[in-house]
Amino acid sequence: DGGITQSPKYLFRKEGQNVTLSCEQNLNHDAMYWYRQDPGQGLRLIYYSQIVNDFQKGDIAEGYSVSREKKESFPLTVTSAQKNPTAFYLCASSKVAGARDTQYFGPGTRLTVL
Amino acid sequence: GDSVTQMEGPVTLSEEAFLTINCTYTATGYPSLFWYVQYPGEGLQLLLKATKADDKGSNKGFEATYRKETTSFHLEKGSVQVSDSAVYFCALSISNFGNEKLTFGTGTRLTIIP
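Chains as they are written, first to last, in the numbering used here: chain C, 1 to 114; chain P, 1001 to 1114.
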């Protein structure tokens, strides 16, 4: 079955540590996205990538970094510079980066920084 | 900038009741409109979409019509079930010189009581 995999489902880290969240898709989609979800605030875009080896900042990129070395993988690193990293992180992909193209979401990773 | 406003929750209804979740948008161009649903502990799933004015999206008994004159995309279902309990997100997407992204509303939590 095709889909998007995020791992792990739950992640705990100490304050000041960097942490990398995994996102893999086997849908052969060109575009991939990272969102952050906080209670009462909907989803906010962190980074997105339209093609391998290229990515752009979203609305809240500060304190995060990404890479896109392979079409199927788009890992997100939450750095120690992110002031409030505890949140639910969602990865998504779409066939192309078009306004009318549907984004498909993974199951999410809940990050808790202690 | 582009934005989506949806009715505040939580919304609690009895089984077989009629559902309306209001969504209005502000956009500088001609957006595509989406409803996503998030079941507890999971990522988002596309429920329905509409890409131009007067289009009606429908899926699983849910419907929404793209109303350009009122800039609205209200979600409706004639008879809700307990399994419809979830958080519903209205979203828009608009082309902006390659800067493609979804803009989400804050979500409406729906609980259906047997």
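Glycine is no exception: its CB is placed at the ideal position from the N, C-alpha and C atoms.
Does any CB atom of chain C fall closer than 8 Å to the CB of residue i?
i	result
LYS1101(P)	yes
LEU1110(P)	no
LEU1046(P)	yes
Mind checking residue i: buried by the 16 CB within 10 Å criterion, or exposed?
i	result
ALA1086(P)	buried
PHE1018(P)	exposed
LEU114(C)	exposed
GLN50(C)	buried
GLY1107(P)	buried
GLY1001(P)	exposed
THR1103(P)	buried
SER94(C)	buried
PHE1034(P)	buried
ALA6(C)	First, the residue type needs correcting, since residue 6(C) is Gln and not Ala in the sequence shown. Classification of GLN6(C): buried, given that the 10 Å Cβ count is 16 or more.
GLN41(C)	exposed
ILE4(C)	buried
ALA81(C)	exposed
GLN17(C)	exposed
Below 8 Å on C-beta distance, what does residue i contact in chain C?
i	result
LEU1019(P)	Within chain C, no residue comes near LEU1019(P); the closest Cβ sits about 20 Å away, beyond 8 Å.
GLU1042(P)	PRO107, GLY108
PHE1089(P)	GLY42, LEU43
THR1106(P)	GLY40, GLN41, GLY42
Determine, for residue i, whether the minimum Cβ-Cβ distance to residues of chain P falls below 8 Å.
i	result
TYR47(C)	no
GLY3(C)	no
GLY40(C)	yes
LEU43(C)	yes
LEU90(C)	yes
GLY58(C)	yes
Name the chain P residues that come within less than 7 Å of residue i, Cβ to Cβ?
i	result
GLN103(C)	LEU1102
Can you name the residues of chain C whose CB is closer than 7 Å to the CB of residue i?
i	result
LYS1049(P)	THR102
GLY1057(P)	The premise fails here: GLY1057(P) is roughly 11 Å from chain C at the closest Cβ pair, so nothing lies under 7 Å.
Contact the region 43–61 of chain C vs the region 1008–1028 of chain P: 3+ CB pairs below 8 Å: As far as the Cβ criterion goes, the region 43–61 of chain C does not touch the region 1008–1028 of chain P, which means the pair count is below three.
Check whether the region 100–110 of chain C and the region 1002–1012 of chain P are in contact - that is, three or more C-beta pairs closer than 8 Å. The way I'd put it, the region 100–110 of chain C doesn't touch the region 1002–1012 of chain P; fewer than three beta-carbon pairs between them come closer than 8 Å.
What residue ranges within the region 49–92 of chain C form continuous beta strand (DSSP E) runs of no fewer than 3 residues, ordered along the chain? For the region 49–92 of chain C, whole beta strand (DSSP E) runs of length 3 or above, ordered along the chain, are 54–57, 64–66, 76–78.
Stretch pair the region 1071–1084 of chain P + the region 21–31 of chain C: three plus CB contacts closer than 8 Å: With the cut-off at 8 Å, the region 1071–1084 of chain P and the region 21–31 of chain C do not touch.
Segments of 3+ residues assigned as beta strand (DSSP E) that fall wholly inside the region 1039–1080 of chain P: Taking only runs of at least 3 residues, the beta strand (DSSP E) segments lying wholly in the region 1039–1080 of chain P are 1044–1050, 1056–1059, 1062–1065, 1075–1077.
Is the number of C-beta pairs between the region 68–75 of chain C and the region 27–41 of chain C that are closer than 8 Å three or more? Flag = yes, the region 68–75 of chain C and the region 27–41 of chain C touch.
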